[in-house]
Amino acid sequence: MGKTAVIAGATGLVGWELLHLLAESNRYERTIVFARRKTGISHKKVTEVITDLNGLEEHKHYFSAADVFCCLGTTIKKAKTKENFRQVDHHYPVVMSHIAADQGAHSFQVISALGADMESRFFYSRVKGEMERDVAKEGVPLIGIFRPSLLTGEREEFRAGERAADWIAGRLSFLFKGGLKKYRPVKASSVAAAMFEFAQKEKTGVHLISSEEMNESSYSLNK
Numbered sequence: 443m444g445k446t447a448v449i450a451g452a453t454g455l456v457g458w459e460l461l462h463l464l465a466e467s468n469r470y471e472r473t474i475v476f477a478r479r480k481t482g483i484s485h486k487k488v489t490e491v492i493t494d495l496n497g498l499e500e501h502k503h504y505f506s507a508a509d510v511f512c513c514l515g516t517t518i519k520k521a522k523t524k525e526n527f528r529q530v531d532h533h534y535p536v537v538m539s540h541i542a543a544d545q546g547a548h549s550f551q552v553i554s555a556l557g558a559d560m561e562s563r564f565f566y567s568r569v570k571g572e573m574e575r576d577v578a579k580e581g582v583p584l585i586g587i588f589r590p591s592l593l594t595g596e597r598e599e600f601r602a603g604e605r606a607a608d609w610i611a612g613r614l615s616f617l618f619k620g621g622l623k624k625y626r627p628v629k630a631s632s633v634a635a636a637m638f639e640f641a642q643k644e645k646t647g648v649h650l651i652s653s654e655e656m657n658e659s660s661y662s663l664n665k
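All residue numbers for the sequence shown refer to the working numbering, where the first residue is 443 and numbers rise by one.
If you want it as structure tokens, here you go:
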């Protein structure tokens with residue numbers, strides 16, 4: 443019997459890449475996708491659960507012994523208010539990690555951000571840091587917190603930061619050496635691959651995965 447994967451945020455830049463990895467992998471028998479709208483993927487191993495994320499408790503049975511992937515994230519501009527931003531980038535990931543722990547999930551992977559710090563004076567970084575702290579408290583045996591730098595890749599919606607990251611990655615990558623290496627833009631596909639590989643670990647504990655590690659082609663399961 444293969445494993446079960448649960449993913450939220452599958453229509454996003456990283457989530458879309460990860461969804462395809464999970465669907466095509468022989469390590470997973472089924473992938474459960476929580477979304478507010480159809481993702482557009484058609485695959486015999488993918489089950490879409492169309493729901494408001496406030497109703498995740500109603501579907502908690504899917505989390506049993508699963509590898510859970512949280513790829514949720516928004517921007518202040520799109521969220522319109524700080525409260526809405528916190529709902530997406532803090533509340534939902536923490537709720538998912540709570541359900542995962544309660545249902546005996548094997549692992550929980552979540553996307554944070556480079557510079558996440560609950561003591562930061564910057565709202566974005568502070569919320570990400572608080573999310574990391576609260577996710578770690580829930581007690582899933584294996585937790586991976588991924589801190590990417592600027593993401594590159596194709597997204598349906600326009601995000602100026604990601605468009606800038608594509609430009610930087612293409613023309614100024616030579617600048618990101620030594621101490622600046624951790625700031626190098628990272629491909630969404632590299633983040634997805636790192637999350638997938640991390641979930642195969644047979645270790646326990648809370649692990650922070652840096653953008654630099656995600657960028658390294660030598661990223662291995664031994665890390």
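In this text, a Cβ means the ideal position worked out from N, Cα and C, and glycines have one as well.
*asked:* What does the Cβ neighbour count give for ILE553, buried or exposed, with the cut at 16 atoms within 10 Å?
replied: Taking the sequence shown and counting its residues from 1, the one referred to as residue 553 is at position 111. The residue in question, ILE553, is buried, as its Cβ has 16 or more Cβ neighbours within 10 Å.
*Out of curiosity, what's the CA-to-CA distance linking LEU463 and VAL582?*
The residue given as residue 463 occupies position 21 in the sequence shown. The residue given as residue 582 occupies position 140 in the sequence shown. Roughly 23 Å between the two C-alpha positions.
*Local conformation of LEU614 per DSSP, three classes*: As a first step, residue 614 must be located in the sequence shown, where it is residue number 172. Confidence in LEU614 is poor, its pLDDT being 45 and thus under 50, which makes the residue's placement too unreliable to answer from.
*With distances taken from CA atoms, which of CYS512, GLY557, ILE492 and SER467 is nearest GLN642?*
Position 200 of the sequence shown, counted from the first residue, corresponds to residue 642. Residue SER467 is the option with its Cα nearest to GLN642.
*Residue range of the alpha helix (DSSP H) that ARG563 falls in?*
Walking along the sequence shown from the start, residue 563 turns up at place 121. From DSSP, ARG563 is part of no alpha helix (DSSP H); its letter is neither H nor E.
*For GLY454, which residues from the same chain have a beta carbon less than 7 Å from its beta carbon, with the 5 sequence-adjacent residues on both sides left out?*
Locating residue 454 in the sequence shown gives position 12, where the first residue counts as 1. These residues qualify, in order along the chain: CYS513 and GLY515.
*Apart from the five residues just before and just after ALA447, which ones in its own chain have a Cβ nearer than 6 Å to its Cβ?*
Position 5 of the sequence shown holds residue 447. Only LEU464, TYR470, THR473 and ASP509 meet the Cβ criterion.
*Is it true that the region 516-528 meets the region 543-559, where meeting means three or more beta-carbon pairs spaced less than 8 Å apart?*
no
*Is the beta carbon of LEU498 sitting closer than 8 Å to the one on ILE587?*
Locating residue 498 in the sequence shown gives position 56, where the first residue counts as 1. Locating residue 587 in the sequence shown gives position 145, where the first residue counts as 1. Contact flag unset, no.
*Three-state class that DSSP yields for GLU658 in the structure shown*: Taking the first residue of the sequence shown as 1, we reach residue 658 at position 216. Three-state DSSP puts GLU658 in coil, outside helix and strand.
*With a Cβ-Cβ cutoff of 8 Å, do VAL491 and VAL475 count as a contact?*
On the sequence shown, residue 491 is found 49 positions in, with the first residue counted as 1. On the sequence shown, residue 475 is found 33 positions in, with the first residue counted as 1. Closer than 8 Å, so yes.
*Pairwise C-alpha distance: ARG589 and MET656*: Within the sequence shown, residue 656 is the residue found at index 214, counting from 1. Within the sequence shown, residue 589 is the residue found at index 147, counting from 1. C-alpha separation (whole angstroms): 9 Å.
*For ILE518, does the count of other Cβ atoms within 10 angstroms reach 16, so buried, or fall short, so exposed?*
Locating residue 518 in the sequence shown gives position 76, where the first residue counts as 1. By the 10 Å Cβ count, ILE518 comes out exposed.
*Just how far apart, CA to CA, sit GLN551 and PHE638?*
Your numbering for residue 551 matches position 109 in the sequence shown. Your numbering for residue 638 matches position 196 in the sequence shown. One C-alpha to the other measures close to 9 Å.
*Report yes if the C-beta distance between GLU572 and HIS532 is below 8 Å; otherwise report no.*
Here the question's residue 572 lines up with position 130 in the sequence shown. Here the question's residue 532 lines up with position 90 in the sequence shown. It is a contact, given that the beta carbons lie within the stated cut-off.
*asked:* Just to check my reading of the structure: ALA555 and LYS579 have Cβ atoms closer than 8 Å, yes? What is that Cβ distance to the nearest angstrom?
replied: Position 113 of the sequence shown, counted from the start, is the residue given in the question as residue 555. Position 137 of the sequence shown, counted from the start, is the residue given in the question as residue 579. Not confirmed; about 19 Å, so no contact.
_Buried or exposed (CB count within 10 angstroms, at least 16 for buried), LYS629_ = Taking the first residue of the sequence shown as position 1, residue 629 is located at position 187. Result: buried.
*Of the residues ARG478, ILE585 and VAL577, the one placed nearest LEU495, counting alpha carbons only*: Start at 1 with the first residue of the sequence shown, and residue 495 comes out as number 53. For the residues ARG478, ILE585 and VAL577, the minimum Cα distance to LEU495 belongs to ARG478.
*What are the complete beta strand (DSSP E) segments, minimum 3 residues, inside the region 470-532?*
470-477, 488-492 and 509-512
_Measuring straight from C-alpha to C-alpha, what distance separates ARG563 and SER653?_
Mapped onto the sequence shown, residue 563 falls at position 121. Mapped onto the sequence shown, residue 653 falls at position 211. Rounded to the nearest angstrom, the two C-alpha atoms are 22 Å apart.
*Can you grab the Cα-Cα spacing for the pair LYS445 / VAL530, in whole Å?*
Here residue 445 corresponds to residue number 3 of the sequence shown, with the count starting at 1. Here residue 530 corresponds to residue number 88 of the sequence shown, with the count starting at 1. Taking the straight line joining both Cα atoms gives about 27 Å.
*Buried or exposed (CB count within 10 angstroms, at least 16 for buried), THR594*: To locate residue 594, count along the sequence shown from 1; it is residue 152. Classification of THR594: buried, given that the 10 Å Cβ count is 16 or more.
_Taking DSSP's pairing of strands, which residues face LEU556 in a bridge?_
Reading the sequence shown from its first residue, position 114 is the one you call residue 556. According to DSSP, LEU556 bridges with nothing at all.
*asked:* According to DSSP, simplified to helix, strand and coil, what is LYS645?
replied: Start at 1 with the first residue of the sequence shown, and residue 645 comes out as number 203. Three-state DSSP puts LYS645 in coil, outside helix and strand.
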